[in-house]
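In what follows, a structure is listed as structure tokens, so that the remarks can point back to it.
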Amino acid sequence: MSDALDPSVLDALKKYDAPTLSNAIELFDVRPRDEGYMSHDIRCQFPDLGVMVGYAATATMRARGASEGYSPDALAAHVQAVPGPRIVVVQDLDERPAHGALWGEVMATTFTALGCLGTVTDGSVRDLDEAHAIGFRFFAPAVTVSHGYARVEGVGEPVRVGGITVRPGDLLHADKHGVLLIPHEIAAELPAAADRIIAAEQELIGWIRSPEFDPEQLPERRATMKAAFTQASERSR
Numbered sequence: 001m002s003d004a005l006d007p008s009v010l011d012a013l014k015k016y017d018a019p020t021l022s023n024a025i026e027l028f029d030v031r032p033r034d035e036g037y038m039s040h041d042i043r044c045q046f047p048d049l050g051v052m053v054g055y056a057a058t059a060t061m062r063a064r065g066a067s068e069g070y071s072p073d074a075l076a077a078h079v080q081a082v083p084g085p086r087i088v089v090v091q092d093l094d095e096r097p098a099h100g101a102l103w104g105e106v107m108a109t110t111f112t113a114l115g116c117l118g119t120v121t122d123g124s125v126r127d128l129d130e131a132h133a134i135g136f137r138f139f140a141p142a143v144t145v146s147h148g149y150a151r152v153e154g155v156g157e158p159v160r161v162g163g164i165t166v167r168p169g170d171l172l173h174a175d176k177h178g179v180l181l182i183p184h185e186i187a188a189e190l191p192a193a194a195d196r197i198i199a200a201e202q203e204l205i206g207w208i209r210s211p212e213f214d215p216e217q218l219p220e221r222r223a224t225m226k227a228a229f230t231q232a233s234e235r236s237r
């Protein structure tokens with residue numbers, strides 16, 4: 001598990017949306033551009049609650065078939081071993097996931113008290129109003145009435161959710177666009193890189209919206225923006 005970053009880094013990352021930070025990560029060339037973010041089915045259930053940035057605590061769960069599984073206390077203990085703020089990332093192990101809700105009002109209330117901002121899962125959730133009222137965020141593909149036989153199967157191991165592997169202590173940024181894995185080694189440098197991207201994009205957008213807009217100049221203006229991205233990339237390496 002990676003060491004926790006200075007809290008000011010997380011506060012700075014919360015000022016940006018996920019697409020902007022995704023663009024900023026590209027400048028550092030630390031991973032392919034088509035990796036490091038969850039698939040579109042991991043949807044933000046409460047867009048109005050805004051951005052969450054925190055460290056992953058991980059678990060696997062099932063909702064089909066009666067079985068004992070782990071006690072939720074094992075997950076609570078794991079969560080407390082992860083630096084805060086925390087985000088619980090849950091992989092649904094059922095052959096057909098999302099059959100029963102893995103997270104609802106009781107779990108949201110409990111894990112809020114344990115310093116968690118929300119849960120990210122490829123399973124189902126429920127009790128939307130109650131979770132929203134306490135500011136606990138749900139990122140999930142489905143909402144289901146029953147919890148079935150929901151139980152914890154494992155904690156503290158890498159999980160596969162939304163097409164990416166998440167390990168305990170990984171830094172996540174999530175908003176209405178989806179869930180983004182933030183590379184630990186460049187996290188502190190991302191706000192400055194994001195600002196350079198925003199400046200280059202807004203220069204182009206401002207011109208497009210102005211009376212001076214000329215379609216014939218668009219290729220040249222776009223090339224200027226791309227050159228600014230290249231310069232920003234070189235400064236970021």
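Read in order, the letters of the sequence shown are residues 1 to 237 in our numbering. Backbone N, C-alpha and C define an ideal beta-carbon position, used for all residues, glycine too.
Query raised in the report: What's the call for R151, buried or exposed, on a 16-neighbour Cβ count within 10 Å?
Result: buried
Query raised in the report: Would you report the Cα separation of A194 and G178, rounded to the nearest angstrom?
Result: 18 Å
Report task. In angstroms with no decimal places, state the Cα-to-Cα distance between P97 and W103. Result -> 13 Å
Query raised in the report: Looking only at C-alpha atoms, which of G115, H99, T224 sits nearest to A63?
Result: H99
Query raised in the report: So which of A59, R137, P83 has the shortest CA-CA distance to D73?
Result: A59
Query raised in the report: At what residue ranges does the region 54 to 111 contain a whole run of the beta strand (DSSP E), taking only runs of 3 or more?
Result: 86 to 92, 101 to 103
Requested in this report: Specify, as a first and last residue, the run of the alpha helix (DSSP H) that R243 falls within.
Outcome: With the chain represented from 1 up to 237, any question about residue 243 goes unanswered, as that position is not in the structure.
Query - Whole-Å CB distance - S124 paired with V143, under 8 Å assumed - result: 6 Å
Report task. Would you mind stating whether R31 and G54 have Cβ atoms separated by less than 9 Å? Result -> no
Report task. Give me the Cα-Cα distance between H40 and K176, rounded to the nearest whole angstrom. Result -> 11 Å
**Report entry** Buried or exposed by the 16-neighbour rule on C-beta atoms within 10 Å, applied to A192
**Finding:** exposed
Query - Secondary structure of R175, DSSP reduced to three states - result: Here residue 175 turns out to be Asp, not Arg, going by the sequence shown. Of the three classes helix, strand and coil, the one that applies to D175 here is strand, per DSSP.
Query raised in the report: Do you know offhand how far Q91's Cα is from F46's?
Result: 20 Å
Query raised in the report: Count the other CB atoms within 10 Å of the CB of R126; is the residue buried (16 or more) or exposed (fewer)?
Result: buried
Report task. Determine the contact status of L13 and L21, defining contact as a CB-CB distance below 9 Å. Result -> yes
Query - Whole-angstrom distance between Q202 and A77, CA atom to CA atom - result: 46 Å
Report task. Report the rounded CA-to-CA distance for C116 versus F136, giving the unit in angstroms. Result -> 8 Å
Report task. Could you pull out every residue in the same chain whose Cβ sits closer than 6 Å to the Cβ of P158, ignoring the five residues on either side in sequence? Result -> T165, R167
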